[in-house]
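The opening position of the sequence shown corresponds to residue 28 in my numbering, with each subsequent residue numbered one higher.
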Amino acid sequence: MEPRIWLSLARMGGREQEFIQEAFDTNWVVPLGPNVNAFEKSLRDFLIENRELNIENEDKCVVALSAGTAALHLGLILLDVGAGDEVICQSFTFSASANPIAYVGATPVFVDSEPDTWNMDPELLEEAIRDRLAKTGRLPKAIIPVHLYGMPGKMDEMMTVARKYKIPVLEDAAEALGAEYKGQRCGTFGEFGVLSFNGNKIITTSGGGALVCSCKEHADRALYYATQARDNAPHYQHSCIGYNYRMSNICAGIGRGQMFVLGEHVTRRRAIHDLYVKLLEGVNGLRVMSQPEGDVFNSNYWLTCITVEPEEFGASREEIRLALNANNIESRPLWKPMHMQPVFKDAPYYGNGVSERLFEIGLCLPSGATLTDNDIERVVRVIKHLACKL
Ligand SMILES: Cc1ncc(COP(=O)(O)O)c(C=O)c1O
28 MEPRIWLSLA
38 RMGGREQEFI
48 QEAFDTNWVV
58 PLGPNVNAFE
68 KSLRDFLIEN
78 RELNIENEDK
88 CVVALSAGTA
98 ALHLGLILLD
108 VGAGDEVICQ
118 SFTFSASANP
128 IAYVGATPVF
138 VDSEPDTWNM
148 DPELLEEAIR
158 DRLAKTGRLP
168 KAIIPVHLYG
178 MPGKMDEMMT
188 VARKYKIPVL
198 EDAAEALGAE
208 YKGQRCGTFG
218 EFGVLSFNGN
228 KIITTSGGGA
238 LVCSCKEHAD
248 RALYYATQAR
258 DNAPHYQHSC
268 IGYNYRMSNI
278 CAGIGRGQMF
288 VLGEHVTRRR
298 AIHDLYVKLL
308 EGVNGLRVMS
318 QPEGDVFNSN
328 YWLTCITVEP
338 EEFGASREEI
348 RLALNANNIE
358 SRPLWKPMHM
368 QPVFKDAPYY
378 GNGVSERLFE
388 IGLCLPSGAT
398 LTDNDIERVV
408 RVIKHLACKL
């Protein structure tokens, strides 16, 4: 049996252990310290590299946390979302985008995707806002759009709707570090942005995340909640409920090292996507998800995804997945939309069937930066073999 090809593995750049060693040598083995500070600075510099595009981004600050999920949770707290509130969330996403809405006692309102980017449909977003206002007499308290699989959503349209109704945006860019919309980096559009450094992401800290804040006051507040909400007193005094969400200085050492290879990782994932496109060209009934033409959307192609029309192709998405698995290759169905999840069955939903269909016919292919061209060719051989059975 050939070695297993995984969906998305971590890839080390080489300097990670240097920064971890430094932490050990100086005894900064705590959830704060030089690695945390340097990692945050380096992330901020990266996010606003094209700062002339959006002058407001000068004030952005990054707070490193224990997970992207923690960043979403803190973002909601800082937006003052609580029991009885509603929060609009993209339905087509991983559950971590929506779970924090429940943590704060609010109700998620799920909105479907548009077919070009697979992200939140701006027209449905407005329809949902109007309908919630008509039904409840109140506006939703926040909007959580997601840049799924690293593909930027239609930010201009979504931000226009958000501004019209004065609803803050908590942008879930967990999968989209390095992706850009009109040259501006994902994670910098909303009042808050969320990044994830889970093991399978573009860069990793083994596990971790960050909250991108619009200004220093927000970042200070995030830091306060992330470190047990301690008041300014010599003893331990608390006026608010706090959390233990800060990133450890050891994990941040990995992140610091990963920043040296972030560009390389994005380049490699894009090249893997382009190779899949080339190798699968002309296969009937199979489409590799690609960004819309033009220079507006610049995906990081965290994962390359395909959609399969079984009639035309000759096999279903599930048959492809099983054939890949039998050949020791990992693949994964697209995210099951949140409005279809048993846990969210009672949540309001505004849909058009797009994400339900994508869930039925879509598959994520191995896309990690560790993969070679030969690995991608092996994946494609198995897929094409099924098509030949027609
Ligand atoms: C879209 C999305 N949002 C949020 C998260 C949560 O990030 P984390 O695993 O770092 O908590 C993830 C990934 O895991 C994700 O894919």
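Yeah, the Cβ is synthetic: ideal placement off N, Cα and C, and Gly gets one too.
Quick caveat: nothing in here was measured; it's all calculated off a predicted structure.
Item: Per DSSP, what kind of secondary structure is Tyr376 in: helix, strand or coil?; Value: strand
Item: Relative to the alpha-carbon of Ala203, which residue among Glu45, Ser223 and Val89 has its alpha-carbon at the smallest distance?; Value: Ser223
Item: Where Gln264 and Leu152 are concerned, what is the direct C-alpha to C-alpha distance, given to the nearest angstrom?; Value: 42 angstroms
Item: Using a threshold of 8 angstroms, state whether the C-beta atoms of Lys181 and Thr232 are closer than that.; Value: no
Item: For ligand 1, is there any heavy atom lying closer than 7 angstroms to the beta carbon of Ala249?; Value: no
Item: By the three-class DSSP mapping on this structure, what secondary structure does Val409 have?; Value: helix
Item: Can you list, in chain order, the residues of its chain with a C-beta nearer than 7 angstroms to that of Pro142? Leave out the 5 residues immediately preceding and following it.; Value: Val381
Item: For Ala91 and Gly236, I'd like the C-alpha separation in whole angstroms.; Value: 6 angstroms
Item: Return the CA-CA distance between Asn54 and Asn327, expressed in angstroms with no decimal places.; Value: 36 angstroms
Item: Going by C-alpha to C-alpha distance, which of Glu320, Val310 and Leu250 sits closest to Val335?; Value: Val310
Item: When you compare each of Ile194, Glu85 and Val173 to Glu113 by their alpha carbons, which one comes out closest?; Value: Ile194
Item: Looking at Val407 and Leu306, is the spacing between their C-beta atoms short of 8 angstroms?; Value: yes
Item: Just list the residues that DSSP pairs Cys391 with in beta bridges.; Value: Cys332 and Arg359
Item: Once DSSP output is grouped into helix, strand and coil, what is the label at Thr187?; Value: helix
Item: Over the uninterrupted alpha helix (DSSP H) stretch that includes Ser35, give me the two end residues.; Value: Segment: none, Ser35 is in no alpha helix (DSSP H) and carries neither H nor E.
Item: Straight-line CA distance for Tyr130 to Asp400?; Value: 43 angstroms
Item: Just list the alpha helix (DSSP H) runs in the region 271-336, keeping only unbroken ones of 4 residues or longer that don't cross its boundaries, in chain order.; Value: 276-285 and 289-307
Item: Could you say which of Leu36, Glu29, Pro30 and Glu244 lies nearest to Arg296 if we only look at CA atoms?; Value: Leu36
Item: What I want to know is whether the C-beta of Ser394 ends up closer than 7 angstroms to one or more non-hydrogen atoms of ligand 1.; Value: no
Item: Taking C-alpha atoms, which residue in Gly220, Arg190 and Arg165 lies nearest to His174?; Value: Gly220
Item: Candidates Pro375, Ala353, Ser358 and Asn325: which alpha carbon is nearest Gly389's?; Value: Ser358
Item: Going by beta-carbon coordinates alone, are Ala133 and Arg283 separated by less than 8 angstroms?; Value: no
Item: By Cβ distance below 6 angstroms, which residues in the same chain neighbour Asn379 in space, the five residues on each side in sequence not counted?; Value: Asp139
Item: In terms of alpha-carbon separation, which member of Asn325, Tyr270, Ile281 and Ser266 lies closest to Val293?; Value: Asn325
Item: Give the range of the beta strand (DSSP E) segment to which Asp199 is assigned.; Value: Leu197 to Asp199
Item: Does DSSP put Glu154 in a helix, in a strand, or in coil?; Value: helix
Item: Of all the alpha helix (DSSP H) runs that stay within the bounds of the region 49-84, which reach a length of 4 or more residues?; Value: 61-74
Item: State the Cα-Cα distance for the pair Arg348 and Pro364, rounded to the nearest angstrom.; Value: 19 angstroms
Item: Can you pull the DSSP bridge partners for Gly212?; Value: Per the sequence presented here, residue 212 reads as Arg, with Gly not at that position. Per DSSP, Glu207.
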